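> Chains A and B are the protein sequences, given in the same order. Last residue of the first sequence: 327 (UniProt numbering), numbering continuous. Last residue of the second sequence: 327 (UniProt numbering), numbering continuous. Okay, handing you the structure first.
Number of protein chains: 2
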Amino acid sequence: MTSIRDVAKIAGVSPATVSRVMNGTANVNEEKRQRVEAAIEKTGFCPNELARALYKKSSKIIGVIVPDIENPFFSELAKAVEDEAFQNGYRMLLCSSGNNAEKEMQNIQMLVQMKADGVIIMTDSADTGKVLKACQVPVVLVDRTLQNVNEKAVVKSDHYKGGYLAAEHLVQCGCKKIVCLKEPSGYSSGNERYRGYLAVCEKYGLKEQSVDCTYVYEEGIRAVGKMLEQYPDVDGVIAGNDMIAMAVYKELTRMGKKIPQEVQLIGFDDVKFGQIFTPELTTIHQSIREMGTAAAQIIEKCVEGQPCQKKNIFDVSLVVRETTMEW
Amino acid sequence: MTSIRDVAKIAGVSPATVSRVMNGTANVNEEKRQRVEAAIEKTGFCPNELARALYKKSSKIIGVIVPDIENPFFSELAKAVEDEAFQNGYRMLLCSSGNNAEKEMQNIQMLVQMKADGVIIMTDSADTGKVLKACQVPVVLVDRTLQNVNEKAVVKSDHYKGGYLAAEHLVQCGCKKIVCLKEPSGYSSGNERYRGYLAVCEKYGLKEQSVDCTYVYEEGIRAVGKMLEQYPDVDGVIAGNDMIAMAVYKELTRMGKKIPQEVQLIGFDDVKFGQIFTPELTTIHQSIREMGTAAAQIIEKCVEGQPCQKKNIFDVSLVVRETTMEW
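Written out as structure tokens, the structure reads:
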């Protein structure tokens, strides 16, 4: 196998110079650089840490693919992964897919080619699932699940309980006409929360009322009009996440409805912005930081050849703030 | 130079199998994989796209290093880079440094080893500057400048004008005791805005009043107490960014002060949350999206060998919403 000394000899430079050219961390004069590059090309030498990582054990890179870097749920989660990774000598590479399956697949391919030690991904695309199934690096699914992925582990909240707690809280606040803003794309997270809501409807004999609404702020603004058309006497709203809850607050207030006096409102996630917002959001707390940390630790365990738990379901809790009130 | 055929021959498999092992995109039986990996190790073969990128022209990767992924200014900017990159066949790798110079340097090293086509970075560390100076890939400084970096280009707002506009707006709203919350770490952005504020003080014969406050929300909460102690009759506040403006609003309101009736308040950045917030923030608009797009385009131009403009200063403008009022 070609060594750095062989390359240096052919190029007529010191091994240290070869190393500097490859790492790109110091200036090397242009003529020397060209000789080194020619020698590398000639010998097919795999020189640096990254190239070694191509067939060695660990690149010390954890890849994270999130659907939307602008949603604080995902940036808070990525921050937690980063903190855990850095503490243990790993680096995080973050990719934002915009919920676009093509981007997700490109990002997975890139991370695999870099021999990332693992990929932490939040996705709902069946196509992406196929790519993940064939993926040679450990995959940790976070927040949402997919069928047939061969994942190392799943890290997520108890969404069913979250939906149940949210709906039951509104009932206890006196709401009789609760509308659930339901994610229409079939995300496992949204489906499970909706089932929790349905269970409460059944328990208290309430009518199911739902309106489709994705997880993006602007969609929340649009959904309010549709909701009032379909359910003009709505007195409680379960939003898909805190961003949607903020959109519903803004739009209902603009239309002259008083929150929580006329319509009570609950979010989901407990992102920091929910507390910064005025009024502060009543919401379902997800352990965002703990989930990010757990996902990173699973990858670290894989690298060390240690076993890891496949199903990691985090408990959720109700946080009552200013957008609901018990009478 | 070793070819994929040589490796396949030694391993006794087809070249397609070697390719599958290296790309990790399909399942290969364990025994075959081990033979392929042994052959690769023996020959020192550099097999895949990434390894080729080690000495070839373009890896089609744009690296972005931001100080704080949780601040929406940076996530909005990263999103813009990602959109521009994806449109042109590039992929973005995002690293969050937590304003930690050691993390920044590790991230730069990693991106250089990957032969990223360029690094877009927001930093203020002189140590990081030294690493950037020796960096063999194009560097674009965004938002903040550093001395002696050999950067390809700088992309930033006209912070001086921003500080000036903010202060003059408060004067026009009748404020006489304006406090500037000043970033204490010597960031170029903060310094320039402060100079704009000073110019307005001089123009209108106002006393300079400032309190140190970083760009992080929690610091804004703490700064309010200090501000009221030093300047109990403050009637206008220039916050370092929109996150700080939100913190000041929350804390002043908690203490019983009315905004904008008793204290007028202006932010900086015009992040989307500033409009989601209630009351909607008066602020200085930065062209966040356009700056991210421009930074990515500069790197693309470098790859294509096209010239690019070194200094890219974006105009700012005043956006009057609900936290200030002209009498």
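Beta carbons are placed, not taken as given, at the ideal position from N, Cα and C, and that holds for glycine. Treat the numbers as computed from the prediction; the structure is a model and nothing was measured.
(1) I need the straight-line Cα distance from Arg52 (chain A) to Asp270 (chain B), nearest angstrom please.
(2) Can you check whether the C-beta of Glu49 (chain B) is within less than 8 Å of a C-beta belonging to chain A?
(3) What residue range does the alpha helix (DSSP H) around residue 332 (chain A) cover?
(4) Taking buried to mean at least 16 other C-beta atoms within 10 Å of its own C-beta, is Pro307 (chain A) buried or exposed?
(5) What three-state label does DSSP hand Asn312 (chain A) in the structure shown?
(6) Smallest Cα separation from Lys310 (chain B): which of B:Leu146, B:Val28, B:Val154?
(7) Find the residues of chain B that neighbour Glu70 (chain A), judging by a C-beta separation of less than 8 Å, and give them in chain order.
(8) Quick check for students: name the residue ranges of the beta strand (DSSP E) that lie wholly in the stretch 271 to 327 of chain B, counting only runs of 3 or more.
(9) Tell me whether Met255 (chain A) is buried or exposed, calling it buried when 16 or more other Cβ atoms sit within 10 Å of its Cβ.
(10) State the start and end residues of the unbroken alpha helix (DSSP H) segment that holds Met105 (chain A).
(11) Three Cβ pairs or more, each shorter than 8 Å: is that satisfied between the stretch 289 to 309 of chain B and the stretch 79 to 92 of chain B?
(12) State yes or no: is the beta carbon of Thr278 (chain A) nearer than 8 Å to at least one beta carbon in chain B?
(13) How far does the alpha helix (DSSP H) with Gly220 (chain A) in it extend, from its first residue to its last?
(14) Taking only the alpha-carbon atoms, compute the straight-line gap between Tyr249 (chain B) and Asn241 (chain B) and give it to the nearest angstrom.
(15) For chain A, check one thing: does any of its Cβ atoms lie closer than 8 Å to the Cβ of Cys308 (chain B)?
(16) Tell me which residues share the same chain as Tyr160 (chain B) and place their Cβ nearer than 6 Å to its Cβ, disregarding the 5 neighbours each side in the sequence.
(17) Is there contact here, the stretch 221 to 239 of chain A with the stretch 174 to 181 of chain A, by at least three beta-carbon pairs under 8 Å?
(18) At 7 Å on the CB atoms, spell out the chain A contacts of Lys103 (chain B), in chain order.
(19) Flag Glu107 (chain A) as yes if its beta-carbon sits less than 8 Å from any beta-carbon of chain B, otherwise no.
(20) Just checking, does the stretch 26 to 34 of chain B make contact with the stretch 10 to 17 of chain B on the three C-beta pairs under 8 Å criterion?
(21) Taking CB distances under 8 Å as the criterion, tell me whether residue 331 (chain B) reaches chain A.
(22) Run down chain A in chain order and give the residues with a C-beta less than 8 Å from the C-beta of Arg5 (chain B).
(23) Express the C-alpha separation of Glu290 (chain B) and Lys301 (chain B) in angstroms, rounding to a whole number.
(24) For Val187 (chain B), collect the residues of the same chain with a Cβ closer than 7 Å to its Cβ; drop the 5 residues on either side in sequence, then sort them by chain order.
(25) In the DSSP assignment, what residue or residues form a beta bridge with Gly122 (chain B)?
(26) Measure how close the beta-carbons of Gly163 (chain A) and Leu146 (chain A) come, nearest whole angstrom, since I'm counting them as under 8 Å.
(27) Could you check whether the Cβ of Arg91 (chain B) sits closer than 8 Å to any Cβ belonging to chain A?
(28) With 8 Å as the threshold, decide whether the Cβ of Val119 (chain B) is near any Cβ in chain A.
(29) Using the Cβ count rule (16 or more neighbours within 10 Å means buried), how would you classify Phe227 (chain B)?
(30) Are the C-beta atoms of Met246 (chain B) and some chain A residue less than 8 Å apart?
(31) Run the CB neighbour count on Lys115 (chain A), radius 10 Å, all protein chains shown included, and call it buried at 16 or more, exposed below.
(32) Can Ala16 (chain A) be considered in contact with the ligand MG, in the sense that its beta carbon sits closer than 7 Å to one or more heavy atoms?
(33) Near Ile259 (chain A), what residues of its chain come up, given a Cβ to Cβ distance below 8 Å and the 5 sequence neighbours on each side ignored?
(34) Under a CB-based cut-off of 8 Å, is Leu265 (chain A) close to chain B?
(35) Could you pull out every residue in the same chain whose Cβ sits closer than 7 Å to the Cβ of Tyr231 (chain B), ignoring the five residues on either side in sequence?
(36) Just grab the DSSP bridge partners of Gln264 (chain A) for me.
Let's see:
(1) For this step, residue 52 (chain A) is matched to residue 52 along the first sequence. For this step, residue 270 (chain B) is matched to residue 270 along the second sequence. Bear in mind that the predicted position of Arg52 (chain A) carries a pLDDT of just 48, short of 50, making it unreliable; the figure below should be weighed with that in mind. In a straight line, the C-alpha of Arg52 (chain A) is about 45 Å away from that of Asp270 (chain B).
(2) Indexing the second sequence from 1 puts residue 49 (chain B) at position 49. Residue placement at Glu49 (chain B) is poorly supported in this model, since its pLDDT is 45, which falls under 50; the coordinates still yield a value, given next. By this cut-off, Glu49 (chain B) is an interface position.
(3) The requested residue 332 (chain A) does not occur in the structure, where chain A is confined to residues 1 to 327.
(4) By 1-based counting over the first sequence, the position of residue 307 (chain A) is 307. Pro307 (chain A) is exposed by the Cβ-count criterion.
(5) Taking the first residue of the first sequence as 1, we reach residue 312 (chain A) at position 312. Correct three-state label for Asn312 (chain A): strand.
(6) The residue labelled residue 310 (chain B) in the question sits at position 310 within the second sequence. Residue B:Val154 is the option with its Cα nearest to Lys310 (chain B).
(7) The residue you call residue 70 (chain A) lines up with position 70 of the first sequence. Those within 8 Å of Glu70 (chain A) in chain B are Pro72, Ser75, Glu76, Lys79, Lys272.
(8) Secondary structure in the stretch 271 to 327 of chain B: the beta strand (DSSP E) runs of 3 residues or longer, each lying completely within the stretch, are 283 to 285, 311 to 314, 317 to 319 in chain order.
(9) By one-based count along the first sequence, residue 255 (chain A) stands at place 255. Counting Cβ neighbours within 10 Å, Met255 (chain A) comes out exposed, since fewer than 16 surround it.
(10) Translated into the one-based positions of the first sequence, residue 105 (chain A) becomes position 105. Per DSSP, the continuous alpha helix (DSSP H) segment holding Met105 (chain A) begins and ends at 101 to 113.
(11) Contact between the stretch 289 to 309 of chain B and the stretch 79 to 92 of chain B is present, with at least three C-beta pairs closer than 8 Å.
(12) On the first sequence, position 278 is the one that residue 278 (chain A) refers to. Closer than 8 Å to some Cβ of chain B, the Cβ of Thr278 (chain A) qualifies, so yes.
(13) For the purposes of this step, residue 220 (chain A) is taken as residue 220 along the first sequence, with counting starting at 1. In the DSSP assignment, Gly220 (chain A) falls within the unbroken alpha helix (DSSP H) covering 217 to 230.
(14) To locate residue 249 (chain B), count along the second sequence from 1; it is residue 249. To locate residue 241 (chain B), count along the second sequence from 1; it is residue 241. Their backbone Cα atoms lie some 12 Å apart in a straight line.
(15) The sequence position of residue 308 (chain B) within the second sequence is 308, counting from 1. Using a Cβ-Cβ cut-off of 8 Å, Cys308 (chain B) does not count as an interface residue toward chain A, since no Cβ of chain A sits closer than that to its own.
(16) To locate residue 160 (chain B), count along the second sequence from 1; it is residue 160. Leaving aside the five residues that flank Tyr160 (chain B) on each side, the residues in its chain whose CB is nearer than 6 Å to its CB run, in chain order, Glu192, Arg195, Gly196.
(17) Three or more pairs of CB atoms, one per stretch, sit closer than 8 Å, so the stretch 221 to 239 of chain A contacts the stretch 174 to 181 of chain A.
(18) Here residue 103 (chain B) corresponds to residue number 103 of the second sequence, with the count starting at 1. Those are Phe86, listed as they occur along chain A.
(19) Walking along the first sequence from the start, residue 107 (chain A) turns up at place 107. Correcting the residue identity first, residue 107 (chain A) is Asn in this sequence and not Glu. For Asn107 (chain A), the answer is yes, since a Cβ of chain B falls inside 8 Å of its Cβ.
(20) The answer is yes - the stretch 10 to 17 of chain B touches the stretch 26 to 34 of chain B, with three or more Cβ pairs under 8 Å.
(21) A query on residue 331 (chain B) cannot be resolved here, the shown segment of chain B reaching from 1 to 327 and no further.
(22) As a position in the second sequence, residue 5 (chain B) is number 5, starting the count at 1. Per Cβ cutoff of 8 Å: no residues; Arg5 (chain B) is ~13 Å from chain A at best.
(23) Counting from one through the second sequence, the residue named residue 301 (chain B) turns up at place 301. Counting from one through the second sequence, the residue named residue 290 (chain B) turns up at place 290. Taking the straight line joining both Cα atoms gives about 16 Å.
(24) Here residue 187 (chain B) refers to the residue found at position 187 when the second sequence is read from its first residue. Per the sequence shown, residue 187 (chain B) should be read as Tyr rather than Val. Excluding the 5 residues flanking it on each side, Tyr187 (chain B) has same chain C-beta neighbours closer than 7 Å at Asp124, Arg144, in chain order.
(25) The residue you call residue 122 (chain B) lines up with position 122 of the second sequence. According to the sequence as given, residue 122 (chain B) is Met; it is not Gly. DSSP lists no partner for Met122 (chain B).
(26) Counted from its first residue, the first sequence places residue 163 (chain A) at position 163. Counted from its first residue, the first sequence places residue 146 (chain A) at position 146. A Cβ-Cβ distance of about 20 Å is found for the pair Gly163 (chain A) and Leu146 (chain A), leaving them out of contact under the 8 Å criterion.
(27) Working through the second sequence from its first residue, we reach residue 91 (chain B) at position 91. With 8 Å as the cut-off, Arg91 (chain B) counts as an interface residue toward chain A.
(28) Translated into positions along the second sequence, residue 119 (chain B) becomes position 119. Judged by the 8 Å Cβ criterion, Val119 (chain B) is not in contact with chain A.
(29) Locating residue 227 (chain B) in the second sequence gives position 227, counting from the first residue. What sits at residue 227 (chain B) in the sequence shown is Met, not Phe. The residue in question, Met227 (chain B), is buried, as its Cβ has 16 or more Cβ neighbours within 10 Å.
(30) Your numbering for residue 246 (chain B) matches position 246 in the second sequence. At least one C-beta of chain A is nearer than 8 Å to the C-beta of Met246 (chain B).
(31) Position 115 of the first sequence, counted from the start, is the residue given in the question as residue 115 (chain A). Buried, because 16 or more other Cβ atoms sit within 10 Å of the Cβ of Lys115 (chain A).
(32) Here there are no bound small molecules, and the ligand MG is not part of this structure.
(33) Indexing the first sequence from 1 puts residue 259 (chain A) at position 259. Hits under 8 Å: Tyr249, Leu252, Thr253, Leu265, Pro279, Thr323.
(34) Locating residue 265 (chain A) in the first sequence gives position 265, where the first residue counts as 1. Leu265 (chain A) does not count as touching chain B.
(35) The residue you call residue 231 (chain B) lines up with position 231 of the second sequence. Counting only Cβ-Cβ distances below 7 Å, and skipping sequence neighbours, we find Lys177, Val179, Gln209.
(36) Counting from one through the first sequence, the residue named residue 264 (chain A) turns up at place 264. The partner list for Gln264 (chain A) (beta bridge, DSSP) reads A:Gly236.
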